[in-house]
Amino acid sequence: RLDLIELRKELRLFGRETRTLAQMLAYASNPELPGITGDLRNAIEFLRSKGFDPDMRYWQLREEEKRKLHDALVIHLIKNNASKEDIDKLIGDVVLIKLYPEGDPRHEAREFATLLNATGRLNMGTLGAAICLGDEKSFKEALKLVDEYKREQIEMRRYLIQNWSNAVEKEHAYIFYAGKNIKDTMVGIAATMVINSQLAKPEKPVIVLADSEQNGLIKGSARTTKKGIEKGYDLGEALRKAAEILGGEGGGHAIAAGIRIPKDKIDEFTELIDKLLGEQNSNGGRDEN
1122 RLDLIELRKE
1132 LRLFGRETRT
1142 LAQMLAYASN
1152 PELPGITGDL
1162 RNAIEFLRSK
1172 GFDPDMRYWQ
1182 LREEEKRKLH
1192 DALVIHLIKN
1202 NASKEDIDKL
1212 IGDVVLIKLY
1222 PEGDPRHEAR
1232 EFATLLNATG
1242 RLNMGTLGAA
1252 ICLGDEKSFK
1262 EALKLVDEYK
1272 REQIEMRRYL
1282 IQNWSNAVEK
1292 EHAYIFYAGK
1302 NIKDTMVGIA
1312 ATMVINSQLA
1322 KPEKPVIVLA
1332 DSEQNGLIKG
1342 SARTTKKGIE
1352 KGYDLGEALR
1362 KAAEILGGEG
1372 GGHAIAAGIR
1382 IPKDKIDEFT
1392 ELIDKLLGEQ
1402 NSNGGRDEN
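So in my numbering the end of the sequence shown lands on 1410, straight run, no missing numbers.
Written as structure tokens, this is what we have:
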């Protein structure tokens, strides 16, 4: 047994190692913190009002300070009528990798995974492979890429909030076409952001579409929640059928799926996907064929 992994019950907001407490709260998305997420100034004020230095990192806090922060955030969510589900997401198991020191993004599993994911999404997958093999130069190069990746995500969230009124709301789904404003490699993250930002009703699937790097095609990602699954939706099956009918590729899981179709089929897709999801909803998600 190598004993390389440690599990701790801690705050599960992203950025334990590398973000300041203010950034950790301002960029919180799962759950979102009402009045704090998306507003760095409010995050700083909240932390100062509770006796915390906004520039400290979470890993630098003593155990009693962590508990104090946890309590303050739980109370904040309760005061803002957050769901029990959101409150329960706040504290939980955090996976730490003992090979790396505190403060290194490779020390916390989600930050390490995000680092590797960013290299792939920015078409630098070989850099990610080199990091896994222990190449320190590649690691430092990737850190710069991640900063760019984070900036893109912040801009994308702002774009979604400002333009969500353009989404087409059907009976069984929201369909949002972003054109070239969102990279086709980021549509899955965008759909998740919409759900986490509570722009959409939690039981109704969200589909974000963007122009593909392949001319004449659009790429889309669909996401839903447990509430959507309980209503019988299976996004993977619905997108597979839609792609089959429209001449594209599609599929995935019940809760998350993707599709690629010709751009001139957007309107047809909007009607078709609502029909397919409606059929699932009416028969509890069971495929009648």
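Glycine included, each C-beta is placed from N, C-alpha and C at the ideal position.
Within the continuous beta strand (DSSP E) that includes residue i, where are the two ends?
| i | result |
| --- | --- |
| A1203 | A1203 -> no beta strand (DSSP E), and no H or E assigned at all. |
| L1330 | V1327 to D1332 |
| K1384 | Unbroken run through K1384: none, as it is neither H nor E. |
Taking the alpha carbon of residue i as the reference point, which residue from the options has its own alpha carbon closest?
| i | options | result |
| --- | --- | --- |
| V1216 | G1309, D1209, N1202 and R1231 | R1231 |
| D1124 | Y1295, R1133 and K1219 | K1219 |
| A1294 | L1338, T1345 and S1318 | T1345 |
| G1349 | V1327, H1197 and S1204 | V1327 |
| A1364 | K1386, S1150 and S1204 | K1386 |
| F1173 | A1193, T1158 and T1247 | A1193 |
| L1360 | K1347, E1351, S1342 and G1353 | S1342 |
| R1140 | L1182, P1155, E1127 and K1171 | L1182 |
| I1282 | S1318, E1257, D1268 and E1185 | S1318 |
| N1336 | I1382, V1308, K1189 and I1212 | I1382 |
| L1264 | M1245, S1403, M1277 and R1278 | M1245 |
| G1357 | L1367, L1397 and K1384 | L1397 |
| A1288 | K1258, L1266, M1314 and A1321 | A1321 |
| Y1270 | L1243, F1167 and L1254 | L1243 |
| E1324 | S1333, K1130, E1290 and A1251 | E1290 |
| R1272 | G1159, I1126, W1285 and E1138 | G1159 |
| N1284 | A1311, G1399 and L1266 | A1311 |
| A1377 | H1191, V1329, M1277 and P1152 | V1329 |
| V1267 | R1278, L1248, A1203 and L1393 | L1248 |
| P1155 | K1189, K1171 and K1200 | K1200 |
| I1316 | I1339, E1334 and R1278 | R1278 |
| T1240 | E1262, G1255 and K1258 | E1262 |
| F1260 | V1308, G1399, L1236 and G1368 | L1236 |
| S1333 | E1389, K1384 and N1238 | K1384 |
Is residue i helix, strand or coil by DSSP?
| i | result |
| --- | --- |
| L1217 | strand |
| E1290 | strand |
| S1342 | strand |
| R1129 | strand |
| E1153 | coil |
| E1324 | coil |
| E1370 | strand |
| A1257 | Per the sequence shown, the amino acid found at residue 1257 is Glu instead of Ala. Helix at E1257. |
| T1158 | coil |
| G1406 | Here the model assigns G1406 a pLDDT of 46, short of 50, so the residue's position is not dependable and the matter cannot be decided. |
| T1141 | strand |
| R1178 | strand |
| I1282 | helix |
| Q1401 | helix |
| L1123 | coil |
| E1351 | helix |
| M1277 | helix |
Name the DSSP bridge partner or partners of residue i?
| i | result |
| --- | --- |
| F1297 | V1329 |
| A1377 | R1344 |
| I1212 | L1132 |
| R1272 | Partner(s): none; R1272 has no beta bridge. |
Might you give, ordered along the chain, the residues of its own chain that have their beta carbon closer than 8 Å to the beta carbon of residue i, omitting 5 neighbours on each side?
| i | result |
| --- | --- |
| Y1280 | A1299, N1302 and I1303 |
| L1128 | D1214, V1215, V1216 and L1217 |
| T1391 | V1289, K1291 and I1296 |
| P1175 | T1141, L1142, A1143, A1164, I1165, L1168 and R1169 |
| N1149 | It should be noted that the sequence gives Ala, not Asn, for residue 1149. So the qualifying residues of the chain are L1134, F1135, I1157 and T1158. |
| K1171 | K1189, L1190 and A1193 |
Once the 5 residues before and after residue i are set aside, which same chain residues still bring their CB inside 6 Å of it?
| i | result |
| --- | --- |
| A1164 | A1143, L1146, A1147 and I1157 |
| G1379 | S1342 and G1373 |
| T1306 | R1242 |
| P1152 | D1207 and K1210 |
Could you tell me the boundaries of the alpha helix (DSSP H) in which residue i lies?
| i | result |
| --- | --- |
| R1169 | L1161 to S1170 |
| G1233 | The sequence shown places Phe at residue 1233, not Gly. It spans A1230 to R1242 - the alpha helix (DSSP H) in which F1233 sits, taken as one unbroken run. |
| N1317 | V1308 to N1317 |
Under 7 Å Cβ to Cβ from residue i, same chain only, skipping five residues before and after it: list those, please.
| i | result |
| --- | --- |
| G1406 | Note that G1406 has pLDDT 46, beneath the 50 cutoff, so the model's placement of it is unreliable and no number is given. |
| F1233 | I1218, P1226 and R1227 |
| W1180 | R1137, E1138, E1223 and G1224 |
| R1417 | Only positions 1122 to 1410 of the chain appear in the structure, and residue 1417 is not among them; the question remains open. |
| H1197 | L1154 |
| N1402 | H1293, K1352, G1353 and Y1354 |
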